[in-house]
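Its first residue numbered 208, the sequence shown is counted upward by one per residue in our numbering.
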Amino acid sequence: MFALRRGVSAMRARPLARALSGTRLAAQADPGVAVAFDIDGVLIRGNEALPHAAESLARLDAGGVPWICVTNGGGVTEDVKAREVSELIGYEIEPSQMVCCHTPFRAKVPDFGKKRVLILGCRDVVGVMRSYGFEDIVTVQDIAEDDPSRYPFIDWKHRPLQPSLEERPVEAVFVVHDPVHWAPDVQITLDCLVAAPGGPAGKQTIPFFHANPDLVFAGRHSAPRLASGAFLEVISHMFHKVVGSPLRAELVGKPTKATFDFARYSLARRRDHVLAARGQESAEEASAHESHAVYGGEDAEVPPFRSIYMVGDNPTSDIRGANSAGGPWQSVLVRTGIFSQGENDKNDPGRHVKDGIKDAVELVLQDAGVADAEGRGRA
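The following block contains the structure:
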């Protein structure tokens with residue numbers, strides 16, 4: 208009944224929710240529940256929409272239930288990622304509803320925004336970090352071209368850095384998205400981590416931040432593919448072997464507490480947006496909720512939810528993160544991605560296990576008290 212053609216424009220997708228909200232679904236003013244969806248293995252697989260993705264999101268919108276996407280994917284700005292997924296599923300996802308693996312790095316701008324930082328990863332990681340407010344960014348290629356002897360197995364073109372690394376050293380390393388060229392990436396990262404002037408020889412002297420600890424992800428291939436967490440394993444092992452002490456890494460992305468705190472904050476802002484759209488919040492309050500405003504960290508004041516459902520296919524990422532976050536978080540494991548068979552995962556069991564997004568949203572709508580004419584939650 209609610210099927211949407213894949214590739215439908217965002218301007219044509221949202222009216223479905225508005226039509227639903229005025230007819231079939233009766234929403235409470237504030238249902239007290241919210242949803243965070245993984246993307247790969249829940250909404251899409253590879254470059255194809257999974258069944259019922261668009262209609263399920265439309266029903267949540269129609270019922271006034273706030274939702275966001277929390278993905279360990281990234282490499283592009285939240286605006287671009289939202290647009291990419293919207294086109295795949297045929298339903299509009301707003302940039303403020305998109306939390307990528309690196310989105311919590313916004314909170315590091317006050318400390319490192321004006322310092323020189325090394326960033327690693329594929330796609331548009333430079334554009335991502337600049338959009339957050341980082342001003343002095345260098346890449347592995349920049350540092351290798353500054354001194355080609357740093358990694359002599361590639362014929363780098365000599366381009367000196369201005370100002371030089373001696374004048375302005377790297378003060379933090381950020382792995383923003385999946386690195387591709389692991390050999391030079393590992394070598395240059397090791398150089399930077401132990402090279403700060405005045406630091407002790409053979410010791411880590413600057414912080415290392417890593418987005419997305421996922422070891423694998425579900426793509427178009429029949430078997431899971433290595434993800435950014437695999438690079439974290441390699442750099443951690445090599446650092447310990449070369450330096451002789453463990454790498455001190457600060458992680459963001461699921462299943463870390465930092466990302467689930469950020470998601471809860473984003474859902475609270477999304478709830479304000481939903482209430483404003485329904486005329487239950489003043490225009491002044493609504494105007495304060497811009498896309499990804501400055502996040503105050505884990506101490507940020509967030510009004511309570513009765514339940515927040517994390518719907519995901521990856522037990523070690525989505526489910527472990529929600530189970531560890533505690534409080535209002537409830538994990539929903541779906542069988543449309545990495546987890547596909549069995550009653551539950553034995554190591555990281557979901558509080559609920561559903562066949563896919565349609566059944567997961569049915570559960571949410573029932574908890575929210577959003578009912579159709581027969582009194583059942585619709586999904």
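Cβ coordinates follow ideal geometry from the N, Cα and C atoms, glycine included.
Beta-carbon proximity list for L540, same chain, < 6 Å, skipping 5 on both sides: As a working mapping, residue 540 is identified with position 333 in the sequence shown. Correct list, in chain order: I526, F546, G557 and V560.
Helix, strand or coil, according to DSSP, for R432 in the structure here? As a first step, residue 432 must be located in the sequence shown, where it is residue number 225. If DSSP states are grouped into helix, strand and coil, R432 belongs with the strands.
Go through its chain and collect everything with a Cβ distance to R529's Cβ below 6 Å, but skip five positions before and after it. Stepping through the sequence shown from its first residue, residue 529 is reached at position 322. Note that residue 529 corresponds to Ala in the displayed sequence, not to Arg. Result list for A529: M517, W536 and S538, in chain order.
Cβ-based burial, L433 [other Cβ within 10 Å; buried from 16]: As a position in the sequence shown, residue 433 is number 226, starting the count at 1. Exposed, because fewer than 16 other Cβ atoms sit within 10 Å of the Cβ of L433.
Looking at the structure shown, is H559 part of a helix, part of a strand, or coil, going by DSSP? Here residue 559 corresponds to residue number 352 of the sequence shown, with the count starting at 1. In the structure shown, H559 sits in a strand (DSSP, three-state: E or B).
Three-state secondary structure (DSSP) at R231? What you label residue 231 is simply residue 24 of the sequence shown in a count that begins at 1. Low per-residue confidence applies at R231: pLDDT is 46, beneath 50, and the placement is therefore not dependable, though the value from the model is reported in the following sentence. The answer is coil: DSSP assigns R231 none of H, G, I, E or B.
Would you call the segment 370 to 382 and the segment 316 to 327 touching, i.e. three or more CB-CB distances under 8 Å? yes
According to DSSP, is E150 helix, strand or coil? For the chain, the structure presents residues 208 to 586; residue 150 sits outside this window and is missing.
DSSP on H417, reduced to helix/strand/coil? By 1-based counting over the sequence shown, the position of residue 417 is 210. In the structure shown, H417 sits in a strand (DSSP, three-state: E or B).
Excluding sequence positions up to five away, which residues of its chain have a Cβ less than 7 Å from the Cβ of V568? Here residue 568 refers to the residue found at position 361 of the sequence shown. Closer than 7 Å at the Cβ level, and outside the excluded window around V568, lie S263, R266, L267 and A586.
Please state the DSSP three-state secondary structure of L570. Here the question's residue 570 lines up with position 363 in the sequence shown. Helix at L570.
Extent of the continuous alpha helix (DSSP H) run through L482: Sequence index remark: in the sequence shown, residue 482 carries index 275 (1-based). Taken as a continuous stretch (DSSP letters only), the alpha helix (DSSP H) holding L482 covers K464 to A484.
Applying the criterion that 16 or more other CB atoms from any shown protein chain within 10 Å of the CB defines a buried residue, is Q411 buried or exposed? Within the sequence shown, the letter at position 204 stands for residue 411. Counting Cβ neighbours within 10 Å, Q411 comes out buried, since at least 16 surround it.
Roughly how many whole angstroms lie between the Cα atoms of A402 and A314? For this step, residue 402 is matched to residue 195 along the sequence shown. For this step, residue 314 is matched to residue 107 along the sequence shown. Cα to Cα, the separation comes out at about 25 Å.
Which first and last residues belong to the beta strand (DSSP E) in which I350 is found? Mapped onto the sequence shown, residue 350 falls at position 143. Note, I350: premise wrong, no beta strand (DSSP E); alpha helix (DSSP H) at V347 to D353.
In three-state terms, what does DSSP make of D392? Here residue 392 refers to the residue found at position 185 of the sequence shown. Helix, per DSSP.
I'd like the span of the beta strand (DSSP E) that includes V577, first residue to last. Here residue 577 corresponds to residue number 370 of the sequence shown, with the count starting at 1. Taken as a continuous stretch (DSSP letters only), V577 belongs to no beta strand (DSSP E), as it is neither H nor E.
Assign P386 to one of two classes, buried (16 or more other C-beta atoms within 10 Å of its C-beta) or exposed (fewer than that). Locating residue 386 in the sequence shown gives position 179, counting from the first residue. By the neighbour-count rule (16 or more Cβ atoms within 10 Å), P386 is buried.
I'd like to know whether the C-beta atoms of D286 and P302 end up nearer to each other than 8 Å. For this step, residue 286 is matched to residue 79 along the sequence shown. For this step, residue 302 is matched to residue 95 along the sequence shown. In contact: D286 and P302 (Cβ atoms closer than 8 Å).
How would you call D362, buried or exposed, if buried means at least 16 neighbouring beta carbons within 10 angstroms? For the purposes of this step, residue 362 is taken as the residue at position 155 of the sequence shown. Exposed is the call here.
F415 and A390 - do their beta-carbons sit closer together than 8 Å? The residue given as residue 390 occupies position 183 in the sequence shown. The residue given as residue 415 occupies position 208 in the sequence shown. Cβ distance not < 8 Å, so A390 and F415 don't count as in contact.
Count the other C-beta atoms from every protein chain shown that fall within 10 angstroms of the C-beta of A500, then say buried if there are 16 or more, exposed otherwise. Residue numbering aside, residue 500 sits at position 293 when the sequence shown is read from its first letter. In this prediction, A500 has a pLDDT of 45, which is less than 50 and means its spatial position is unreliable; nothing more can be read from the coordinates.
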